[in-house]
Each structure stands twice: as C-alpha cells, then as structure tokens.
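Working notes, structure below.
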Amino acid sequence: MNGASTSTDWQKSACILCECNCGLEIQVEDGRLAKIRGDKEHATSHGYTCEKPLRLDLYQNGRDRLTSPLRRRPDGTYEEIDWDTAIREIAARLTAVKEKHGGERILYYSGAGQGNHLPAAYGQSLRAALGTRYYSNALAQEKTGEAWVDAQLYGTHTKGDFEHAEVVMFLGKNPWQTHSFPRARPVLKEIAKDPGRSMIVLDPRRSETAAMADFHLQVLPGTDAWCLAAMLGVLVEEDLLDHDFVAEHTDGTEEVLDALRRVPISAYAATCGVDEDLLRAATRRFATAASATTYEDLGVQQAPNSTLVSYLNKLLWILTGNFGRPGTMYLHSWFSSPVGAPGGDPRRAGRAPSSPLKKKARRTIADAVALGAGGIARAVPAAAATPLPDRIVDGAAHALLTRMAPMLSAGLAAEQQPKTERQTPVTGARVIAGLIPCNSIADEILTDHPERLRALWIDSSNPAHSLPESRRFIDAMRACELTVVVDVAMTETAREADYVLPASSQYEKWECTFFTMEFPHNAFQLRAPLLEPRPGTLPEPEIYARLLRELGAVDEALLARLRTALTAGDDAFALALFSAAAADPSLLRLIGYVLYETLGPTLPEGARGAAILWGAAHLCALSHPDAVARAGFIGTGMRPGQQLFDAILRERSGVTFSVDEWENAWDYVLRKDNRFTVAIPELLPEIDALRDAPSSWTTPEFPFVLMAGERRAFTANTIIRDPAWRRRDAGGALRISAEDAERLGLEPASRVRITTEAGSLESSIEISDMMRAGHVSLPNGLGLDYPGEDGLARPGIAPNELTSAKHRDRFAGTPWHKYVPARIEPVAT
Ligand SMILES: Nc1nc2c(c(=O)[nH]1)N[C@H]1C(S)=C(S)[C@@H](COP(=O)(O)OP(=O)(O)OC[C@H]3O[C@@H](n4cnc5c(=O)[nH]c(N)nc54)[C@H](O)[C@@H]3O)O[C@H]1N2
Ligand SMILES: Nc1nc2c(c(=O)[nH]1)N[C@H]1C(S)=C(S)[C@@H](COP(=O)(O)OP(=O)(O)OC[C@H]3O[C@@H](n4cnc5c(=O)[nH]c(N)nc54)[C@H](O)[C@@H]3O)O[C@H]1N2
Ligand code: SF4
Ligand SMILES: [Mo]
C-alpha cells in the first residue's frame with residue numbers, strides 16, 4: 001500500500017459497482033479517490049470502464065460512513081461502543097442462541113456483493129464455529145432457478161463468448177446499462193454495425209440494447225416462456241436442430257423433442273404478443289448462425305415462470321449445438337467458489353495433478369503417508385529445525401494431496417451440493433446451491449414454529465432494502481433474538497440491527513471477488529488497499545478473527561504447531577495444514593481463520609486478509625490441474641498452488657489462473673460421460689401446461705405491470721448512497737409510455753401515485769418511448785436516506801416497499817420483481 005494520503009502515482013484497483021469488476025487506476029489526494037481511469041493492463045477489462053466509477057469517491061467518502069461499533073438501545077437509537085465490548089457481547093449472545101436453540105437457527109446472509117467476497121469467505125469459519133446450517137444472499141433472488149437448471153443439465157455455470165458470436169440473444173437483459181460481460185458496450189456496438197452479425201432481444205421495453213437489436217421480440221411482460229417455447233417449436237418443426245451435436249453430446253433428447261413437437265406455435269406466439277413471422281425469422285437466424293450465445297437475466301429471472309424460462313433458454317442453445325466453440329456457450333473454471341467455500345469447483349477436485357513422479361520419490365512418500373496424516377502434522381513441525389530435503393517434502397506433499405483430493409472435494413461439495421435436496425425448516429422451500437430463497441426468509445422467522453430462525457448475521461448486503469416486501473423483512477429482523485450487520489455505511493438494514501460493525505472500505509483493505517467466469521482464459525484479481533482504514537473501522541477478516549478468537553474456535557496448540565511448520569517453509573506448512581485437515585476434516589471449514597492466524601501475519605505488505613487465498617489457490621490448482629498448468633503454474637506437489645498464490649500477491653492487474661482450448665469446455669461438464677442430460681422431468685410437463693396456464697396477473701384494481709428495479713445509467717444497487725452521484729434521473733422517475741400518460745392526463749412534470757398490493761407511494765414520471773402501454777418502470781437502488789447539506793434526503797422510491805414476497809417462482813422461490821401488478825393515478829398538484 002501507499003500509506004500516504006496523497007500520491008501522484010496511479011495505483012491499481014478495480015471498480016466495485018458491478019460484477020465485471022473492471023480494472024482501475026486511481027490517484028489518491030488527501031484521502032480522496034481523486035482521479036480514476038481504466039487499467040489497460042487489466043487481465044479481463046483491458047482499460048475499459050463505463051461512466052459509473054469515475055466518481056467512486058462518493059462511496060469511499062460517503063457522509064454516512066460508519067466509524068464505530070454501535071449497539072442498539074431499547075428506544076431504537078444507537079450508542080457507540082468499543083471493539084472489545086462489541087466482540088465480547090456479540091460472541092456471548094451468539095453462543096447463547098446456539099446453546100438455547102442450536103447453531104442451525106442462525107442465518108448467515110452475505111456473499112453476493114459486487115466487489116467484496118472476502119467477508120463471506122472468512123464468514124465460512126464463523127459459520128463453522130457456530131454450527132450454522134442456513135445461508136443466503138441476493139443470488140437467491142435471481143440466479144438460483146438458473147443454477148438449479150444448470151445442475152440438472154451439466155452440473156455447473158455457463159456463460160457465452162459474446163465478443164466472437166455471430167448471433168447474440170439477450171433475454172430480459174440490458175447489457176448496455178448492466179454489462180455482465182467484459183467491454184459490453186464496444187462489443188454491442190461492433191455487433192450492431194456488422195451486417196454479418198445479429199442481435200436478438202426479448203424485452204417488453206425498447207431498452208438501450210433492444211434499440212440496437214436486429215430482432216426485438218417485444219414480449220408482453222411475463223410471457224417469455226411462451227415466446228421461447230414457440231421458438232423451440234419452430235426449431236423442431238422447421239428441422240433447425242444440430243442433429244450431430246444432439247446425438248453425440250446429449251441424453252434424453254427424444255422426450256424433449258416430443259414435448260416440443262406438441263407446441264402450438266401460433267397460439268404461443270399470440271400469447272406472448274410477438275408476431276409469428278418475426279419469431280420464426282429470429283429462430284432461423286439463431287439456429288443457422290455459425291455461432292450463437294444467449295444471456296438471461298433479471299427481466300426473466302425475476303418474472304413469472306422463471307425456472308422454466310431458464311430451461312427453455314438452455315434448450316435453445318443446446319439443441320442448436322452452440323457449445324464449446326468460439327462464439328458459443330461454455331462452462332468454465334472458478335478460482336474459488338463464489339458462494340463462500342474456499343476452493344475451486346470442489347466437485348472437480350478429485351482429479352489428481354497430472355505431473356509424473358519418480359519411483360523412488362514415490363516410495364518415500366508412501367512411507368510418509370503411512371505415518372498417517374495426523375503423524376505428518378506432528379512430524380513436520382518437529383523436523384522444522386532440520387528441514388527435510390525439498391525433494392522429499394515435495395514428493396510427500398504430492399502424494400498427500402493426491403490422496404486427500406477426493407476427501408477435500410467431498411467435504412466441500414457436500415456443503416454446496418448436498419446429496420439430498422434440502423428444504424428450509426419452516427416453509428419447506430427448496431434450498432438451491434446451499435441458499436435459502438430470499439423470499440422465504442421472513443416466513444422462516446415470523447412464526448411460532450419451533451425450528452424458526454432466531455438470529456441473523458448480515459454482511460456486505462442491504463436486505464432491508466433489497467428483499468421483497470422490505471417492511472416485513474424489517475419486522476423479521478426485529479423479531480430475532482440477535483441481529484448483527486457489518487457494513488461501511490449506516491444503511492436501511494444497519495438501522496434495524498442490534499449491533500452494527502463498521503468495516504473498512506474496499507479501497508482501504510485487501511479485497512477481491514470470486515466472479516471469475518471467463519473462458520478460455522480466466523483471471524482473478526487481488527486488490528491492494530489504496531488508503532489507510534478509516535479510524536474505528538476494521539477489515540472483515542480481522543472482525544471475523546477477533547470473534548473466532550473470543551469463541552475459541554480453534555485449538556491454540558494447533559495454531560502454534562502450524563506457525564512452527566511455517567518457519568520450515570511453504571511446503572512444510574502446507575503439509576502440516578493439509579494433514580491436520582485430513583486427520584480432522586472439520587478443520588476444513590475453519591481454514592480461512594486458521595490461515596489468517598498462521599500464514600496471515602507473514603504475508604508481505606500487511607496482506608493478512610489475503611491468507612485465505614492460499615488455500616483457494618491450492619484447491620484451484622487441484623481442481624483444474626491442466627488448465628492451471630497451461631497458465632504457467634507447473635510442477636509437482638504444492639508447486640502449482642504456491643506459484644499461483646505468489647502471483648496473486650504480486651500482480652496488481654489480475655492473474656490468468658487457467659488457460660483452456662475451446663474443446664476443454666467439455667472437461668467442465670460434471671457428468672461421467674461429459675454428456676448433457678437434457679430431459680428435466682420436473683420441468684418438461686410445464687411446456688404443455690403453458691396452454692392453459694395464466695399469462696397475465698393484472699386485475700381491474702391493478703391494471704399495470706410495474707417493473708420494480710430497472711438498472712439505469714446511474715444505479716449500482718445501493719453501493720453509492722449519495723444522490724449527487726446521479727448526473728441524470730436524480731429523482732428516479734417512473735417511466736411510462738406516451739399512450740398511458742395521455743390516457744391518464746399526465747404531463748412531463750406530473751406526479752403519480754403508484755399503488756400495489758404491498759404499498760402506495762408517490763413518484764415523478766418520465767414519459768418514455770422505451771415503454772409499451774400497460775408497462776411502467778421504477779429504477780433500482782433508489783429511496784435511500786442520505787444526510788445532505790440540509791437534513792436527510794431520500795430521492796426516489798425504494799422498490800421493495802411496493803413488492804410482495806408472496807409472488808415467487810414455484811421451483812426456485814425467486815421473486816417477481818419485474819412483474820408487480822400496480823395502479824397508477826395522477827396526483828393533483
Ligand atoms: N447500471 C447498473 N448495472 C448493473 C447493476 C446496477 O445496479 N446498475 N446491477 C448488477 C446486478 S446485481 C445485476 S443482477 C444485473 C442485472 O442486469 P439486467 O437484468 O440487465 O437488469 P434490469 O434492468 O433489472 O432488467 C433487464 C431488462 O429486463 C427487462 N424486462 C422486464 N420485464 C421483462 C419481461 O417480462 N420479459 C423480458 N424478456 N424482459 C423483461 C427490462 O425491460 C430490462 O430492460 O446488472 C448488474 N449491473
Ligand atoms: N425490487 C427489486 N429488488 C431487487 C432487485 C430488483 O431488480 N428489484 N435486484 C436484486 C438483485 S439482482 C441484487 S444483486 C440485490 C442487491 O442487493 P444486496 O445484495 O442487498 O446488495 P447491495 O445493494 O449491493 O448492498 C451492498 C451493501 O454492501 C455495503 N458495502 C460496500 N462495501 C462494503 C465493504 O467493503 N464491506 C461491507 N461489509 N459492506 C460493504 C454497502 O454499503 C451496501 O449496504 O438486490 C435485489 N433486489
Ligand atoms: S460499473 Fe461495471 S462495467 Fe462499469 S466500470 Fe464498473 S465494473 Fe466496469
Ligand atoms: Mo444482482
């Protein structure tokens with residue numbers, strides 16, 4: 001770090017406003033992020049940024065930054081307390097909940113932030129120490145339906161190569177504003193101006209992206225399932241399938257094709273309001289392209305039939321063979337699981353590193369392993385004074401890792417993909433990827449059910465603002481026996497907590513995200529602090545460590561042995577740690593804390609918070625041995641993981657940790673035979689069922705469809721709270737079509753009252769040619785209290801004061817934020 005508060009050096013960092021995390025270079029002046037530009041050397045963004053990060057200082061120096069732990073008084077006000085008191089009291093109260101009701105009654109909520117995933121990574125240790133079972137974050141109100149479908153089809157996450165695709169298709173996705181793939185705007189512009197390439201957009205709105213499209217399928221809100229089913233019907237009817245691909249790579253296709261043959265194409269086209277000729281033309285363009293990709297996002301994932309839509313979307317690119325070639329869809333490596341477990345995709349970690357070992361070395365190892373893992377754990381530190389020859393330690397490590405890999409993977413995988421599908425204790429909602437649906441959380445608390453949740457730990461998220469029916473979530477927080485919020489600012493959620501813990505900002509500490517989703521080259525960036533932590537704040541790894549120390553989570557003697565092993569070198573340390581974990585697998589879940597306490601203090605430049613990445617780097621190297629080797633991290637034993645970790649600590653613009661060839665996309669298919677399982681028995685009948693299913697949920701009382709949470713030019717969830725940030729649309733107007741405005745007698749300066757089942761609020765309007773009649777839209781991330789020059793300001797509407805948690809997907813429990821039946825009335829001025 002450059003400790004000075006002023007420096008004319010450009011320091012490397014990244015943008016924290018969306019999951020692209022574009023590389024930035026920043027000049028710091030007087031504690032301010034004074035100048036900001038794109039980092040041309042960055043491994044994925046190559047200098048690109050949008051306009052949003054240029055005034056990131058409004059995040060760094062927000063007027064509502066927290067600078068002391070706070071304890072709630074009975075009257076709802078807060079008093080400052082010191083860190084020792086906070087840690088002691090919180091530890092005691094967590095322990096009390098655990099003893100009285102069981103650790104599984106504590107919900108941990110974190111891990112989906114746009115820029116910081118270290119809290120949830122260390123939070124894993126806290127969860128282990130408390131014995132929590134339930135976990136959630138914002139992904140459980142958007143991506144869990146898709147994740148469930150992915151799990152059925154091929155087992156892991158897909159993305160597309162938009163940069164090279166001949167045809168790109170966006171479903172309920174507006175990448176011009178929301179990005180989600182590198183350099184989104186230049187890529188969109190290139191596609192739009194190239195007569196040989198095409199863009200297909202499914203969106204009821206003429207979004208910025210839809211306006212650039214060759215085929216805008218302007219579906220009626222909430223009817224994408226009919227549109228996609230009709231497109232798939234056309235594929236079969238016009239025989240546009242890739243038969244070779246289907247035969248070679250898929251199982252269960254006949255059943256799927258049967259269902260698709262039955263699709264009443266004209267009727268389904270009519271239901272979604274898209275001209276049948278246009279729908280057919282778009283399908284032909286997609287199916288006959290040399291390469292095509294799709295991206296589905298909130299417009300379909302937070303709307304009716306969302307899990308079915310994910311399935312149909314994936315069938316479209318699978319049945320047309322758009323996988324595993326440049327410009328198509330792919331599966332990819334992970335540096336570490338973004339849901340908080342340290343390690344690469346654990347289900348792949350059973351594969352041993354492929355480097356060969358000499359026979360003699362193997363014998364030595366066999367002897368070492370025969371000592372038993374626990375034996376090694378004790379022997380290594382003992383030998384620290386007279387270090388073993390490198391070759392032997394290296395060989396032993398290799399053998400141990402090879403032997404342990406399946407166990408490591410089983411332990412971590414059990415957590416993320418339990419064998420039996422789990423359900424929430426009170427309402428029996430489906431738990432996907434370990435996450436309980438956001439829509440269920442309040443129901444799991446506000447009940448007298450004996451297994452209800454009793455305590456909430458919330459870090460790096462603002463659920464009192466971002467969850468449906470936020471008022472009810474606030475009631476749920478207040479009904480808990482204990483709520484703790486870790487944040488940088490006094491947010492809507494912090495304002496309801498029993499304890500508020502002030503974190504150092506993302507430019508004041510070592511941080512990273514685990515959103516590593518690129519292919520064939522995938523990269524991970526560790527960011528160094530640019531500024532000293534603001535007094536009174538602590539980085540989350542330190543917060544978790546203090547609490548875990550207070551809880552006595554790990555035997556001090558073990559930590560001491562590991563520190564001794566460390567003095568004998570990296571290999572000895574690795575050997576001691578992994579063998580201790582082999583002897584006591586429960587240690588695996590505490591590994592973040594263990595590394596922070598042992599390796600952490602020895603890391604250069606005070607990078608203690610990065611300690612957990614050592615474990616992640618080793619597991620990544622184990623999970624993707626060949627791809628990691630192709631990225632240049634080679635050798636036997638702990639070498640690849642150690643080299644990867646060293647590179648991560650050293651490189652400031654991101655490290656390419658895996659390099660693949662396109663055909664390697666198949667290696668990531670989590671099926672024994674690498675074939676996709678295309679028939680999903682639970683979802684197939686839904687295609688026929690669409691014939692008689694409702695396709696509209698408006699009523700005479702609520703005749704409009706309100707999209708509650710559109711991403712606009714100056715929105716970034718609730719990360720920047722200062723309204724001065726918004727150069728345009730400062731008040732967050734309701735967008736409405738000219739036709740509706742005229743019918744309601746609205747002028748550009750009019751105000752309206754928006755009423756839904758859940759609430760009623762006033763808003764300014766913007767008459768917009770983006771909107772079709774009957775569809776209105778409010779921006780996301782507004783309605784935040786902010787201390788202004790003259791008192792608290794609160795521009796715009798918090799969208800979840802108008803949403804209801806009841807409306808959710810049948811399979812995944814994800815909310816219908818994009819489909820809220822509403823009434824719009826002019827307000828007399
Ligand atoms: N500027 C900005 N960018 C962001 C974010 C941000 O807050 N601000 N947030 C980031 C996050 S967390 C996420 S998850 C992504 C989300 O990125 P997007 O999903 O692209 O964001 P939205 O604007 O919520 O919705 C996308 C589109 O869905 C359309 N839509 C609404 N209803 C329907 C429907 O029934 N059918 C179809 N087909 N489309 C519909 C809307 O008109 C809109 O154009 O953005 C990321 N990027
Ligand atoms: N109605 C409606 N609701 C929605 C959506 C919608 O479209 N419509 N979108 C949904 C989606 S896709 C998402 S992703 C969610 C997002 O909702 P949340 O996951 O709740 O996330 P954010 O608003 O991004 O909140 C991030 C929080 O982290 C804090 N923070 C920033 N830096 C740090 C740090 O270094 N340490 C700590 N501890 N905290 C920090 C910020 O102050 C902020 O409070 O909202 C969802 N809610
Ligand atoms: S908001 Fe997203 S796309 Fe824009 S610079 Fe930041 S990370 Fe990149
Ligand atoms: Mo999101």
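Under UniProt numbering, the sequence shown has 175 at position 175, and the numbering climbs by one with no breaks. All C-beta atoms, glycine included, are put in the ideal place defined by N, C-alpha and C. Predicted model, so just to flag it, every value in this text is computed and none were measured.
DSSP three-state call for Arg810: helix, strand or coil? Arg810 falls in the coil class under three-state DSSP.
Of the listed residues Ser804, Asn780, Gly759, Pro787, nearest to Arg823 (C-alpha basis): Minimum Cα-Cα distance from Arg823 among the listed residues Ser804, Asn780, Gly759, Pro787 corresponds to Gly759.
Counting only beta-carbon separations shorter than 8 Å, does Asn322 have a partner in chain D? The question asks about chain D, but that chain is absent: this structure has only one protein chain.
Is Glu142 near ligand 4 - that is, is its Cβ less than 7 Å away from at least one heavy atom of it? Yes.
Candidates Leu232, Leu802, Pro221: which alpha carbon is nearest Cys272's? Closest by alpha carbon: Pro221.
Compute the beta-carbon to beta-carbon distance between Thr320 and Phe286, rounded to the nearest angstrom, for a pair I have assumed lies under 8 Å. Yes, Thr320 and Phe286 are in contact; Cβ-Cβ is about 7 Å, under 8 Å.
Going by other Cβ atoms of all chains shown within 10 Å of its Cβ, with 16 needed for buried, is Pro195 buried or exposed? Its Cβ having fewer than 16 others within 10 Å, Pro195 is exposed.
Applying the 10 Å Cβ sphere with the 16-neighbour rule, what's the burial state of Asn674? Using a 10 angstroms sphere on the CB of Asn674, the tally of other CB atoms stays under 16, which defines it as exposed.
Using three-state DSSP, classify Asp251 as helix, strand or coil. Secondary structure of Asp251 (DSSP, three-state): strand.
Ligand 3 site residues, beta-carbon cut 5 Å against heavy atoms: The answer, residue by residue, is Cys15, Leu17, Cys18, Cys20, Cys22, Thr49, Cys50, Lys52, Pro53, His179.
For the beta strand (DSSP E) that Val820 lies in, which residues bound it at each end? From DSSP, the beta strand (DSSP E) with Val820 extends over 820-827.
Which residue marks the beginning of the beta strand (DSSP E) containing Asp487, and which one marks its end? Its beta strand (DSSP E) spans residues 482-487.
Under 7 Å from any heavy atom of ligand 2, does the C-beta of Ser192 make it? Note that residue 192 is Ala in the sequence shown, not Ser. No, the Cβ of Ala192 stays beyond 7 Å of every heavy atom of ligand 2.
Any heavy atom of ligand 4 closer than 7 Å to the beta-carbon of Ala433? No, Cβ of Ala433 sits at least 7 Å from all heavy atoms of ligand 4.
Cβ contact check for the segment 761-780 and the segment 722-739: 3 or more pairs under 8 Å: The segment 761-780 vs the segment 722-739: in contact.
Using beta-carbon positions only, say whether Ser695 and Arg205 come within less than 8 Å of one another. At least 8 Å separates the beta-carbon of Ser695 from that of Arg205.
Does ligand 1 have even one heavy atom less than 7 Å from the beta-carbon of Ser310? False, no ligand heavy atom lies under 7 Å from that Cβ.
Quick one: what's Tyr134 bridged to in DSSP? BP columns for Tyr134 point to Leu107.
Would you kindly check if the distance between the Cβ of Ala165 and the Cβ of Ser291 is under 8 Å? Yes, the pair counts as a contact, with Cβ atoms nearer than the cut-off.
Just the C-alpha distance for Thr564 and Pro502, rounded to the nearest angstrom, thanks. Here the alpha carbon of Thr564 sits roughly 34 Å from the alpha carbon of Pro502.
At 3 residues or longer, and completely inside the segment 656-709: list those beta strand (DSSP E) runs for me, N to C. None, since the segment 656-709 contains no complete beta strand (DSSP E) of that length.
Cut-off 6 Å between Cβ atoms - residues of its own chain near Gly641, not counting five sequence neighbours on either side: Cβ neighbours of Gly641 beyond the five flanking positions: Ala617, His618, Ala621.
For Gly428 and Pro468, I'd like the C-alpha separation in whole angstroms. Distance from the CA atom of Gly428 to the CA atom of Pro468, rounded to whole angstroms, is 19 Å.
Is the segment 489-501 touching the segment 509-523, taking contact as three or more C-beta pairs under 8 Å? Segments in contact, no.
Less than 8 Å between the beta carbons of Asn137 and Ser461, yes or no? A contact, by the Cβ cut-off of 8 Å.
Residue range of the alpha helix (DSSP H) that includes residue 850: Here the chain comprises residues numbered 1 to 829, so residue 850 is not present and cannot be evaluated.
With which residues is Gly23 paired in a DSSP beta bridge? DSSP, once it has assigned bridges, lists Ala14 as partnering Gly23.
Could you check what DSSP says for Glu762 in three-state terms: helix, strand or coil? Strand.
When you compare each of Ile106, Asp64, Tyr48, Asn61 to Val484 by their alpha carbons, which one comes out closest? Nearest option by C-alpha distance: Ile106.
If we ignore side chains and look at the alpha-carbon of each, how far apart do Thr95 and Glu492 end up? For Thr95 and Glu492, the gap between their C-alpha atoms comes out near 26 Å.
So is the beta-carbon of Pro221 under 7 Å away from any non-hydrogen atom of ligand 1? True, at least one ligand heavy atom lies under 7 Å from that Cβ.
Candidates Trp725, Ala120, Ala211, Leu566, of which the one nearest Asp459 by Cα: Of the candidates Trp725, Ala120, Ala211, Leu566, the one whose C-alpha sits nearest the C-alpha of Asp459 is Ala120.
Measuring alpha carbon to alpha carbon, tell me which of Thr803, Ala289, Arg639 ends up nearest Gly709. The option with the nearest alpha carbon to Gly709 is Thr803.
Thr755 - DSSP class collapsed to helix/strand/coil: Of the three classes helix, strand and coil, the one that applies to Thr755 here is strand, per DSSP.
When you compare the segment 295-305 with the segment 172-182, are there three or more beta-carbon pairs, one atom per stretch, that lie closer than 8 Å? Because the criterion of three Cβ pairs below 8 Å is met, the segment 295-305 and the segment 172-182 touch.
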